[in-house]
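Under my numbering, residue 126 is the last one in the sequence shown; the count climbs by one each step, no gaps.
Here a beta-carbon is modelled for each residue, glycine too, at the ideal position from N, C-alpha and C.
Being a predicted model, the structure only gives us computed values, none of them experimental.
The block underneath contains the structure these notes are about, expressed in structure tokens.
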Amino acid sequence: MIRKILVFIEIAALVIVLRMPIVQDFLSSAQQTVTHWLITIEALPDKMALHDLREQSSGLYSSMRPFQQDYFDSVTSSRQNVNHFHKTYCLNDDKNPFIAGDNRHQFCSYLSESPLLAKR
7 MIRKILVFIE
17 IAALVIVLRM
27 PIVQDFLSSA
37 QQTVTHWLIT
47 IEALPDKMAL
57 HDLREQSSGL
67 YSSMRPFQQD
77 YFDSVTSSRQ
87 NVNHFHKTYC
97 LNDDKNPFIA
107 GDNRHQFCSY
117 LSESPLLAKR
């Protein structure tokens, strides 16, 4: 009987402690930190693949004008932008005012070799 009362008192104390504002703030902060870590870890493969794509395309990049380089940077800033560019200008063969001709064909070949186009 005493054991049951002690267990009940321990549970009540735990509930009281966990409902304290300072403990709630600490747990919330810990949750946000862990969530940030997981998001960073999840985005790491994409960032590495984008970096590899930029390095592979460095010859193209150096021959571009500044406004073309800005556009190229925006295309290679995220996986979604790369996929949109590939669908619009590589698969549909639409005209791109910034990357055209042989540069576009070469960039499209780099994209086709990239792991960024793989389905998640």
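- Relative to serine 84, the option among Ile11, Asp58 and Ile8 whose CA is nearest is Asp58.
- Less than 8 Å divides the Cβ of phenylalanine 104 from the Cβ of glutamine 74.
- For leucine 56, the enclosing alpha helix (DSSP H) begins and ends at 27-62.
- Distance check between glycine 65 and each of Met26, Phe78, Asp100 and Cys96 places Phe78 closest, using alpha-carbon atoms only.
- Nearest neighbour of glutamate 119 by Cα position, chosen from Leu24, Leu20 and Asn89, turns out to be Asn89.
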